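For the sequence shown, position 92 (counting from the first letter as 1) is numbered 107 according to this note's numbering, and the numbering increases by one without interruption. We treat Cβ as the ideally placed atom computed from N, Cα and C, and that holds for glycine. The structure displayed is predicted, hence computed values, not measured ones. I have placed the structure first, in the form of structure tokens, so that the comments after it can refer back to it.
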Amino acid sequence: MRIAIITSPFGTLPPYGIGAVEKLWYNVATVFAEAGHDVIFYCKQPDREYIAESGILFQNLRGYKRTGHLISDLMLDLFYSFRALMRLTQCDILVMHTFFTPLLCPLFRRKFNAAVYNVARYPKGQLGWYTGIDRLFCVSQAVAKAAIQQAPRMAGKIKVINNPVDTEIFNCRVRSSVSNTSSNNRSPSMGDDFGVHRNCYLIGYSGRIHPEKGLDLLVKAYALLRGKGHCLRLRIIGPRTVAQGGGGEKYVAYLKRLASCYPIEWVDPVTDAVRLAEELAACDIFCYPSMAERGETFGVAPLEAMAVGCATVVSALECFQDFIKDGVTGLVFNHRSIHPDGALADRIEYLIEHADVREKITMEATRLAHDSFSNGRIAREYLNDFELLLQKEKK
16 MRIAIITSPF GTLPPYGIGA VEKLWYNVAT VFAEAGHDVI FYCKQPDREY
66 IAESGILFQN LRGYKRTGHL ISDLMLDLFY SFRALMRLTQ CDILVMHTFF
116 TPLLCPLFRR KFNAAVYNVA RYPKGQLGWY TGIDRLFCVS QAVAKAAIQQ
166 APRMAGKIKV INNPVDTEIF NCRVRSSVSN TSSNNRSPSM GDDFGVHRNC
216 YLIGYSGRIH PEKGLDLLVK AYALLRGKGH CLRLRIIGPR TVAQGGGGEK
266 YVAYLKRLAS CYPIEWVDPV TDAVRLAEEL AACDIFCYPS MAERGETFGV
316 APLEAMAVGC ATVVSALECF QDFIKDGVTG LVFNHRSIHP DGALADRIEY
366 LIEHADVREK ITMEATRLAH DSFSNGRIAR EYLNDFELLL QKEKK
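Laid out in structure tokens, this is it:
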């Protein structure tokens, strides 16, 4: 099978960044190639040193940086999408990620047998225009539900395939290694000025440091628990500046004020997957308190934490239901309650005070991540559906 993948005009390969669509599709495409399929990316110029051994072909296209203005970014997407389809060579499956490729692809139908579109974000009404595609792959049941509501005529073309986690990197072996080499339960990036000891729990977060991620709730919960006498550390990993997608220094200063006299460990964005796995594995509890009702579509970060053996707490967003069952594979707090910070604090405290529950949840979560969300498992789901689409085209 020959599979062509057109990535975003703004993304990069290698896939730098946290939770990037490019990262997920690069990992899945590597499995496609290992299975003997021909894979070609149409993308911004890739790092040749990084991809030399991937077995994947790349067609370089001129990409762009986001302008910060919707209309300007859409125009750049249009130019890029048209050039990508012009450069496209004959393939069996065409995978698309840009806004305009699904609109333009019917003009190039002779170049592919089946066209699919990856719905990685909540649709904004555009899916009804994508009548020329054969499949809409939604990353979660929540996104699929929104897609059907917005484009009921497309319901028969919608299929849910979740995002994968690289279980070769994010696994419990990393946690064992970190535990054996880090004294007194220290994280790899810890300094010596926090006065930690063996009974101190490390609470971690990884993602954009932005108001929509609910970090004010996490910091308030942390301060509340510290005030009750719990020995805790809070470690926040991710981009802080506005240019990187964060909330900026004013938001960071606000979080510091909320923490009162209790220190927060700030870690710059970790783009290297191996190091990120080590950072997550050093945490005892991982919290992802996102408030983004229409911004959070799946949640790779909590799944990565689950894969390395962290007990995980998330908000009650619908997208997390694809992999977190409350009390079984993680804990859920009601972020819509009158006092959501107190609700989060209760969930964290429950895990701290019930080691047996924490261990059971960790084991179930790790098993689920590795059995159902590995690159290999998700890649096979895509390949199976690709085969069905091609068989349908032959009839």
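Helix or strand or just coil, what does DSSP make of A394?
helix
Within 10 Å of its beta-carbon, does K38 have 16 or more other beta-carbons around it, so buried, or fewer, so exposed?
buried
Given P284 as reference, the closest of G310, R250 and S275 once Cα atoms are compared:
R250
Cross-strand partners of F401 (DSSP beta bridge):
F401 is not bridged to any residue.
Could you tell me the distance, in whole angstroms, from the CA atom of D231 to the CA atom of N177?
The C-alpha of D231 lies about 28 angstroms from the C-alpha of N177.
Environment of K407 [buried if 16+ CB atoms lie within 10 Å]
exposed
Run through the stretch 127-165 for me and flag every whole beta strand (DSSP E) of 3 or more residues, listed as ranges in chain order.
127-134 and 150-153
Per-residue DSSP class, three states only, for R248
strand
Please classify E293 as buried or exposed, where buried requires at least 16 other C-beta atoms within 10 Å of its C-beta.
buried
Span of the alpha helix (DSSP H), counted from its first residue to its last, around F348:
Element bounds for F348: not the alpha helix (DSSP H) but the beta strand (DSSP E), L346 to F348.
Name the DSSP bridge partner or partners of F56?
I20 and F73
Mind checking whether P317 and F348 have CB atoms under 9 angstroms apart?
no
Best match in W281, P179, K172 and A236 for proximity to R223 [C-alpha to C-alpha]:
W281
Could you spell out the range, first to last residue, of the beta strand (DSSP E) harbouring F301?
I300 to Y303
Roughly how many whole angstroms lie between the Cα atoms of F123 and T113?
16 angstroms
Closest by CA to Y397, which one among H52, P24 and F25?
H52
For the alpha helix (DSSP H) holding Y365, just list the boundary residues, first then last.
P355 to E368
Just verifying my parser: in three-state terms, what is the DSSP assignment at T116?
helix
Mark M101 as exposed unless 16 or more other C-beta atoms lie within 10 angstroms of its C-beta, in which case mark it buried.
exposed
Can you find the residues in the same chain that come closer than 7 angstroms, C-beta to C-beta, to I184, ignoring five residues on each side of it along the sequence?
A288, V289 and A292
Test item: CB-CB of V158 and Y132 under 9 angstroms
By the CB criterion at 9 angstroms, V158 and Y132 fall outside the cutoff.
Beta-ladder partner(s) of M101, from DSSP:
According to DSSP, which records beta bridges pairwise, M101 is partnered with nothing at all.
Mind the definition here: the stretch 134-149 touches the stretch 297-313 only if three or more C-beta pairs lie below 8 angstroms; say whether that holds.
yes
Contacting residues, own chain, Cβ-Cβ under 7 angstroms from A394 (five flanking each side not counted):
V43, V46 and F47
Considering only the beta carbon of each residue, do C120 and G219 sit closer than 9 angstroms?
No, these two residues do not count as a Cβ contact at 9 angstroms.
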